[in-house]
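Student: Residue numbers (my numbering), protein chains in the order written: chain Z, 13 to 275; chain B, 140 to 430; chain S, 91 to 411.
Note that the Cβ used here is the ideal one computed from N, Cα and C, for glycine as well.
Keep in mind it's a predicted model, so treat the numbers as computed, not measured.
Questions regarding the structure given below will be posed in turn.
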Amino acid sequence: MTNQDLRQAQSQQPILDVQGLTKLFGGVKAQDNISFSIEPGIVCGLIGPNGAGKTTLFNMITGIYAPDNGQVIFNGRNTRKMAVHQLVKAGIARTFQHVELFGSMTLLENVLVGMHVRTRCGFWGAVTRFPWVNREEKAAVEKAESLLEFTGLIDDAHKPAGDLPVGRQKTAEIARALASDPLLLLLDEPAAGLNAVETENLGQLIRAVKDRGVTMMLVEHDMSLAMGISDKVIVLDQGRKLAQGTPREIQNDEAVMAAYLGG
Amino acid sequence: MQEIIQYLFSGITTGAIYAVIAVGLSMLYSSTELINFAHGEFVMVGAMAMVTFWVHLAWPLPLAILAAMALGCTLGLLFERFAIRTAKASNPIVLVIITVGASIFLRGTGMLAWGKDPFSVPSFSSHESIEILGAALLPQSIWIVLGAIGLAGGIHFFLKKTLTGKAMVACAVNQKAAWLSGIPSERMAVLAFAISTGCGAIAGIFIAPITMSSYDMGTILGLKGFCAAMIGGLGSLWGAFAGGILLGVLESLGAGLISSGLKDAIAFILLLLILYIRPGGLFAAKEAKRF
Amino acid sequence: MSDKLSARSRARIENSIFLAAVILLGLVTENTYYLQIMTFIGINTLLALGLNMLMGYAGQVSLGHAAFYGIGAYATAILSGTYALSPWLALICAVGGAVLVAFIVGLPTLRLSGYYLGMGTLGFGMIVNILFREWSSVTGGASGFVGIPVLEAGPMVFMSGKSYFFLVWAVVLAAILICRRILRSRMGRALRAIHDGENAALAVGVNTHYLKLKVFMFAAALGAVAGFLYAHFVLFISPESFGFMVSVKMVTMVVIGGMASIWGALLGAGLLTLLPEVLHGFAEYEMIVFGLVLMLVMIFMPQGLTRGFLDIYHASRKKRQ
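This is how it looks when you write it as structure tokens:
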């Protein structure tokens with residue numbers, strides 16, 4: 013993304029607008045008045061030392077925690093009263109720091125579950141199997157297979173997800189998240205537990221996902237990945253936003269250096 | 140008025156028994172996170188042991204009480220050793236079913252040992268009732284209430300003041316941390332079992348003189364004990380105690396003033412209300428896990 | 091794709107074997123007592139199937155499921171016995187009523203989890219049972235309800251051992267097919283996802299509370315159908331057939347057979363119906379042996395018999411190699 017693209021993107025309405033988020037855990041401020049916005053189509057890195065509140069922030073954006081103060085505007089809508097599944101339907105998907113695939117189900121089935129909010133067959137549909145149900149099922153399977161193809165997992169489509177090596181499981185989580193046609197994808201430490209080659213492949217996959225027009229936020233400890241792939245970086249430290257800018261700006265930021273090096 | 144006082148007296152009496160049952164369940168839950176569906180059967184064992192030791196064998200009362208308690212504790216220890224500890228499962232449903240199996244087993248054993256006929260046990264002291272504001276108060280009620288308070292107080296003292304008791308509380312709060320600091324958490328679980336089933340037996344000893352005792356008396360008492368423990372807040376000693384008294388009083392008032400057929404339903408209606416409105420129980424400090 | 095196809099054709103084969111076995115047993119058996127036992131196994135299988143969907147897949151324990159069984163039985167008894175409604179209309183009312191009650195009770199209860207959910211359903215089951223016992227002007231009270239009509243459909247009268255056997259097992263077969271269809275569908279995948287990881291299921295957009303509620307209602311409906319079949323089979327019902335111990339027995343069928351397995355539900359229902367019959371020979375030892383068997387199975391085969399036997403089989407095969 014060139015600077016011109018970035019400026020163009022910034023002139024659009026942000027896809028995610030976080031305004032003054034605060035979260036208390038038993039009196040401790042896990043999040044202290046955090047504000048930022050994310051333009052559509054970019055990759056935004058979220059970095060910071062352990063305990064900086066990155067996962068907490070993800071949990072608030074995805075509706076798992078309710079903020080004590082502040083609000084999240086997603087795609088022009090205030091998400092305050094929306095349940096987790098409604099947010100997924102609105103277009104927020106995520107992956108987990110520790111792989112949370114459905115272990116006893118096949119990869120294909122995992123991706124199909126990811127499509128839950130985009131399909132509608134319920135109890136009566138399952139029992140009667142009207143033609144629309146079969147059509148929906150067929151389309152869903154085709155889409156799931158194309159996603160597995162896209163992520164390079166098609167060979168393992170019918171293996172139980174729990175039997176796969178960690179690297180493939182991590183990729184599979186991305187495939188499952190993409191199945192819900194997200195506008196915004198939150199990746200929580202996608203490279204954790206991966207070796208160098210796998211991390212390299214992951215970087216390529218993230219770029220390919222970006223080319224599909226999905227906006228992404230990623231929490232990452234692997235600095236070369238985070239800096240190499242992000243258009244914008246936000247630094248958190250002890251629940252506060254320390255800095256935000258392009259990767260280059262962040263690398264030269266004194267406050268960030270102090271937080272990372274000086275403790 | 141006189142009627143209401145009478146209901147209160149009998150309510151507090153049964154309430155004290157529920158309280159003792161609930162305290163036992165609650166203790167076990169807080170140290171092992173297990174709900175023992177066989178708990179009511181230990182109440183039955185306590186009551187039936189009184190029939191044997193005191194009525195049939197004519198042992199002196201204190202000795203009979205001690206023997207009945209010892210029987211309850213011993214059975215609890217055996218149950219822990221041979222069923223719960225051997226179980227490979229960590230799934231709570233499976234553990235619950237093991238306790239259900241134990242409950243059926245104990246009931247069957249009770250039927251074999253004491254037959255199907257109900258027994259009555261005399262009051263601990265003279266039968267003369269005391270009259271207060273026109274309502275009759277049985278001496279047995281005083282025994283029961285004092286005994287229940289003494290028992291709960293004793294457990295409170297044990298948990299708060301003795302080293303073993305404190306270790307047990309530590310296990311309840313965080314088993315791993317307790318184990319790391321050198322507390323033999325397994326032995327604490329055994330102890331919790333013995334105290335818990337002992338409490339059950341004591342409830343049986345208390346209840347024997349005021350009701351007919353038979354092999355199948357335990358189930359409903361155990362369930363009422365759950366209700367009491369849940370009302371007060373599972374895992375809290377005085378919460379369970381207060382829950383028991385509250386349940387006993389409301390049951391007695393409800394049965395007397397509304398309809399006697401309603402008596403058994405009151406406990407469960409209260410249970411549902413508590414679960415919906417305040418799942419942590421009335422007296423629990425912290426919110427219960429609802430996930 | 092081939093794996094999936096083979097799973098599907100395996101299911102077809104299993105169903106065919108099952109169907110053939112049922113027909114064969116029904117045709118060969120002449121002894122009324124055996125037919126009666128097998129009919130009871132069928133009724134219990136219906137109960138276990140519903141509860142298995144709730145426990146095995148949605149991961150929710152219900153300790154009050156006998157309430158729905160009782161609602162089905164009493165609804166048809168009262169409507170067709172007291173008010174002389176057609177039993178088939180009564181069936182619709184019974185199932186509808188049970189589903190409605192499940193909805194009302196499940197809405198707040200299913201937000202609870204673990205033991206709290208167990209206690210909530212237990213309380214509900216007890217209240218319903220007390221209602222059966224105390225509302226004697228309508229239910230006949232503790233002494234039971236007499237005067238339930240025999241089922242008829244046109245020229246068919248479901249009374250003799252064989253006709254009722256086939257009626258019950260036809261319903262069981264239909265229930266098995268429905269369960270399988272659900273499990274293979276979008277709804278079933280979401281259920282299995284909850285079973286594997288509830289938080290992850292929530293995070294990928296499954297409305298877990300709503301789904302649990304749906305399964306609870308489905309299990310209630312199957313329970314009510316089983317109650318209906320039970321009432322018109324024994325023609326006399328009393329509150330103790332739907333008490334706490336019956337709820338526990340239902341849970342036990344599911345766990346003993348093996349959770350999250352349709353054939354496990356059948357196995358569990360079969361064993362728990364047969365065991366007391368076999369144990370009659372033990373007379374006063376019956377309860378002791380029953381309790382002991384229950385404990386031993388759960389201690390040594392916590393995954394249930396289906397998995398337990400499979401493990402033993404695999405172990406012995408490994409040894410031979």
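I want to know whether the segment 341-352 of chain B touches the segment 258-269 of chain B - three or more CB-CB distances under 8 angstroms.
Tutor: Counting Cβ pairs under 8 angstroms, three or more are found: they touch.
Student: If I'm right that Z/Val247 touches Z/Ile59 with Cβ under 8 angstroms, what's the distance once you round it to whole angstroms?
Tutor: Confirmed, about 6 angstroms.
Student: Please state if the CB of S/Ile161 and the CB of S/Gly187 are separated by a distance shorter than 9 angstroms.
Tutor: Against a cut-off of 9 angstroms, the Cβ pair of S/Ile161 and S/Gly187 comes out as a contact.
Student: Relative to the C-alpha of S/Leu137, which residue among S/Pro177, S/Ala148, S/Tyr159 and S/Phe323 is closest?
Tutor: The residue with the shortest Cα to Cα distance from S/Leu137 is S/Tyr159.
Student: Starting from Z/Gly82, trace the beta strand (DSSP E) both ways and give me its first and last residue.
Tutor: Residues Asn81 to Phe86.
Student: Taking S/Glu354 and S/Gly347 to be in contact with their CB atoms under 8 angstroms, please state how far apart those CB atoms are, rounded to whole angstroms.
Tutor: Note that residue 354 of chain S is Gly in the sequence shown, not Glu. Indeed, because the Cβ distance is near 4 angstroms, the residues count as touching under 8 angstroms.
Student: Taking B/Arg246 as the query, report the chain S residues whose CB atoms sit under 7 angstroms from its CB, ordered along the chain.
Tutor: Correct list: Met377.
Student: Can you pull out the residues from the segment 101-123 of chain S whose beta carbon lies closer than 7 angstroms to at least one beta carbon of chain Z?
Tutor: Those residues of the segment 101-123 of chain S that come within reach of chain Z (Cβ to Cβ, closer than 7 angstroms) do not exist; the list is empty.
Student: Mind checking the segment 186-213 of chain S against chain B and listing, in chain order, the residues whose C-beta falls within less than 8 angstroms of any C-beta there?
Tutor: Listed by position along the chain: Pro198, Thr199, Arg201, Leu202, Ser203, Gly204, Tyr205, Tyr206, Gly208, Met209, Gly210, Leu212 and Gly213.
Student: Which residues in the same chain as B/Phe422 place their Cβ atom closer than 8 angstroms to its Cβ, once the five residues preceding and following it in sequence are excluded?
Tutor: Excluding positions up to five away in sequence, the list reads Gly371, Gly372, Ser375, Trp377, Gly378, Ala381 and Gly382.
Student: Inspect the CB distances between the segment 153-161 of chain Z and the segment 292-306 of chain S and report whether three or more fall short of 8 angstroms.
Tutor: Contact between the segment 153-161 of chain Z and the segment 292-306 of chain S is absent, because fewer than three Cβ pairs lie under 8 angstroms.
Student: Output the boundary residues of the alpha helix (DSSP H) element that contains B/Met327.
Tutor: Residues Ser324 to Ile346.
Student: For Z/Ala184 versus Z/Leu195, is the C-beta distance shorter than 9 angstroms?
Tutor: Not closer than 9 angstroms, so no.
Student: At a cut of 8 angstroms, does the segment 207-226 of chain B reach the segment 185-202 of chain S through at least three beta carbon pairs?
Tutor: Too few Cβ pairs lie closer than 8 angstroms, so no.
Student: Once the 5 residues before and after Z/Gly65 are set aside, which same chain residues still bring their CB inside 6 angstroms of it?
Tutor: The answer, listed in chain order, is Ala42, Gln43, Leu248 and Gly251.
Student: Would Z/Met117 pass as an interface residue toward chain S - the criterion being a Cβ-Cβ separation below 9 angstroms?
Tutor: Cβ-Cβ to chain S under 9 angstroms: yes for Z/Met117.
Student: Select from B/Ala206, B/Gly150 and B/Leu330 the residue whose C-alpha is nearest the C-alpha of B/Arg220.
Tutor: Of the candidates B/Ala206, B/Gly150 and B/Leu330, the one whose C-alpha sits nearest the C-alpha of B/Arg220 is B/Leu330.
Student: Less than 9 angstroms between the beta carbons of Z/Gly174 and Z/Ser116, yes or no?
Tutor: Yes, the Cβ-Cβ distance between Z/Gly174 and Z/Ser116 is below 9 angstroms.
Student: Any C-beta of chain S within less than 8 angstroms: which residues of the segment 154-171 of chain Z qualify?
Tutor: So the list reads His170, given in the order they occur along the chain.
Student: With a threshold of 8 angstroms on Cβ separation, who are the neighbours of S/Ser99 within its own chain once the five nearest residues in sequence on each side are excluded?
Tutor: Taken in chain order, the list of residues that qualify is empty.
Student: Could you give the DSSP three-state label for Z/Arg132: helix, strand or coil?
Tutor: In the structure shown, Z/Arg132 sits in coil (DSSP, three-state: anything other than H, G, I, E or B).
Student: Consider the Cβ of S/Phe399: report whether some Cβ of chain B lies at a distance smaller than 9 angstroms.
Tutor: Cβ-Cβ to chain B under 9 angstroms: no for S/Phe399.
Student: B/Val233 touches chain S at which residues, Cβ-Cβ below 8 angstroms?
Tutor: Going along chain S in sequence order, the residues near B/Val233 (Cβ under 8 angstroms) are Val345, Met388 and Pro392.
Student: If you draw a straight line from the C-alpha of B/Ala427 to the C-alpha of Z/Phe48, how long is it?
Tutor: Only weak support exists for where B/Ala427 lies, its pLDDT of 38 falling under 50; the coordinates are left without a value.
Student: CB-CB under 8 angstroms to B/Gly292, same chain, minus the five flanking residues each way: which ones, in chain order?
Tutor: So the list is empty, once near-sequence residues are dropped.
Student: Counting along the chain, where does the beta strand (DSSP E) carrying Z/Thr227 start and finish?
Tutor: It spans Thr227 to Val231 - the beta strand (DSSP E) in which Z/Thr227 sits, taken as one unbroken run.
Student: How would you call Z/Ile186, buried or exposed, if buried means at least 16 neighbouring beta carbons within 10 angstroms?
Tutor: Z/Ile186 comes out buried.
Student: Report yes or no: is there a C-beta of chain S within less than 9 angstroms of the C-beta of Z/Arg106?
Tutor: With 9 angstroms as the cut-off, Z/Arg106 counts as an interface residue toward chain S.
Student: Show which residues of chain B have a CB atom less than 9 angstroms away from the CB atom of S/Thr342.
Tutor: Going along chain B in sequence order, the residues near S/Thr342 (Cβ under 9 angstroms) are Ile236, Val239 and Gly240.
Student: Please tell me whether, using a cut-off of 8 angstroms, the distance from the CB of S/Tyr300 to the nearest non-hydrogen atom of the ligand GDP is below it.
Tutor: The ligand GDP is not part of this structure, which contains no ligands at all.
Student: S/Ile268 touches chain Z at which residues, Cβ-Cβ below 7 angstroms?
Tutor: Going along chain Z in sequence order, the residues near S/Ile268 (Cβ under 7 angstroms) are Val139.
Student: Return the chain-ordered list of same chain residues with a C-beta closer than 6 angstroms to the C-beta of Z/Gln210, the five sequence neighbours on each side being excluded.
Tutor: Before going further, note that residue 210 of chain Z is Glu rather than Gln in the sequence given. Answer for Z/Glu210: Gly179, listed in chain order.
Student: At the 9 angstroms Cβ level, is B/Thr153 part of the contact set with chain S, yes or no?
Tutor: Closer than 9 angstroms: no.
Student: Report yes or no: is there a C-beta of chain S within less than 9 angstroms of the C-beta of B/Val410?
Tutor: It is worth fixing the name first, because residue 410 of chain B is Leu in this sequence and not Val. At least one chain S Cβ lies under 9 angstroms of B/Leu410.
Student: Determine whether the beta carbon atoms of S/Thr166 and S/Gly317 lie at a separation below 9 angstroms.
Tutor: Cβ atoms of S/Thr166 and S/Gly317: closer than 9 angstroms.
Student: Would B/Thr248 and S/Ile378 qualify as a contact pair, given that the criterion is a beta-carbon distance under 9 angstroms?
Tutor: Yes.
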